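Chemist: Structure in structure tokens, see below.
Numbering (this note's numbering), first residue to last: 27 to 273.
Here it is in structure tokens:
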């Protein structure tokens with residue numbers, strides 16, 4: 027194989043590896059942000075559960091306060107009942123007592139309902155806290171793994187950059203300039219395989235004489251369509267023993 031072509035293939039492989047690593051590294055901040063959003067949602071669920079529990083406790087306290095006031099009034103009515111002088115006063119006082127008794131019953135029923143609701147709300151708070159704790163543990167573990175992954179990828183990028191520098195020193199200036207120009211123009215892909223008479227990237231059929239030249243791997247040949255540098259991989263079975271007859 028033509029030495030510059032072989033090295034350009036290696037250079038493309040290094041660039042592909044660096045591109046893949048960079049792409050993953052660039053996704054890590056958004057992945058961490060998504061985890062933080064998830065954690066915030068869990069904390070908000072705990073806050074909401076605590077707020078509903080607190081509101082229900084306040085409602086119960088207000089009802090208990092009203093119950094205490096009615097019970098005080100009922101006790102006073104019963105004391106006053108003993109001091110009435112007329113049937114009219116007695117009847118009126120009995121009505122007040124009955125009204126107060128009914129209010130006491132209503133308040134006690136409401137308090138009982140609140141007690142049942144408080145049990146459910148307390149359970150909801152416990153569940154929300156447990157879910158948050160489990161979520162936080164999972165998220166912290168995932169974030170740590172992402173940070174480790176980022177560190178490994180950044181080390182890979184540094185190693186790849188060093189290998190690229192060393193490799194470019196062995197490539198002819200003209201070949202390297204061609205590679206860099208195509209790479210800039212073609213989203214980082216300057217060298218691609220030709221197979222079965224096609225450029226494997228743009229899928230345009232090559233002229234037979236061009237493809238036959240590519241099969242030799244003895245010079246730098248560009249795709250007529252996308253202008254990328256083409257090479258033949260002898261290990262690729264579909265094109266391993268195939269040539270294209272020139273017209």
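From the three backbone atoms N, C-alpha and C, an ideal C-beta is built for every residue, glycine too.
Remember, predicted model here, so these are calculated numbers, not experimental data.
For residue 116, count neighbouring C-beta atoms within 10 Å of its own C-beta (all shown protein chains included) and say buried if the count is 16 or more, exposed if not.
Modeler: Around the beta-carbon of residue 116, fewer than 16 other beta-carbon atoms lie within 10 Å, marking it exposed.
Chemist: What residue range is occupied by the uninterrupted beta strand (DSSP E) comprising residue 220?
Modeler: 217 to 221
Chemist: Would you mind stating whether residue 218 and residue 256 have Cβ atoms separated by less than 8 Å?
Modeler: yes
Chemist: Report all residues from its chain with a CB closer than 7 Å to the CB of residue 126; omit the five preceding and five following residues, and keep chain order.
Modeler: 96, 99, 100, 103
Chemist: In chain order, which continuous runs of the alpha helix (DSSP H) of length 4 or greater are located wholly inside the stretch 170 to 218?
Modeler: The stretch 170 to 218 contains these whole alpha helix (DSSP H) runs: 199 to 211.
Chemist: Between which residues of its own chain and residue 86 is the CB-CB distance below 8 Å, once the five residues before and five after are set aside?
Modeler: 137, 140, 141, 144, listed in sequence order.
Chemist: So what's residue 224 in DSSP terms, helix, strand or just coil?
Modeler: strand
Chemist: Just to confirm my understanding: we take residue 83, look at its own chain, exclude 5 residues before and 5 after, and list those with CB closer than 8 Å. What are they?
Modeler: 144
Chemist: Note down, in chain order, each residue of its chain lying with its Cβ closer than 8 Å to the Cβ of residue 147, except the 5 sequence neighbours on either side.
Modeler: 75, 78, 79, 82
Chemist: Span of the beta strand (DSSP E) holding residue 100?
Modeler: That residue, residue 100, is in no beta strand (DSSP E); its alpha helix (DSSP H) goes 29 to 107.
Chemist: Go to residue 246, then tell me how far its beta strand (DSSP E) extends in each direction, as first and last residue.
Modeler: Note, residue 246: premise wrong, no beta strand (DSSP E); not H, not E.
Chemist: Can you grab the Cα-Cα spacing for the pair residue 177 / residue 167, in whole Å?
Modeler: 15 Å
Chemist: Would you mind giving the Cβ-Cβ distance between residue 154 and residue 72, rounded to the nearest angstrom? I have them listed as a contact below 8 Å.
Modeler: 5 Å
Chemist: Is there a Cβ of chain B sitting closer than 8 Å to that of residue 194, yes or no?
Modeler: No chain B appears in the structure shown, which is made up of a single protein chain.
Chemist: Rounded to whole angstroms, what's the CA-CA distance from residue 48 to residue 58? Just pull it up for me.
Modeler: Cα atoms of residue 48 and residue 58: separation of roughly 16 Å, rounded to the nearest angstrom.
Chemist: Please identify the residue among 250, 30, 40 whose C-alpha is closest to the C-alpha of residue 184.
Modeler: 40
Chemist: Taking 7 Å as the limit between beta carbons, can you name the residues of its chain near residue 263, skipping five residues before and five after?
Modeler: Close CB contacts of residue 263 within its chain, under the 7 Å cut and outside five residues either way in sequence, are absent.
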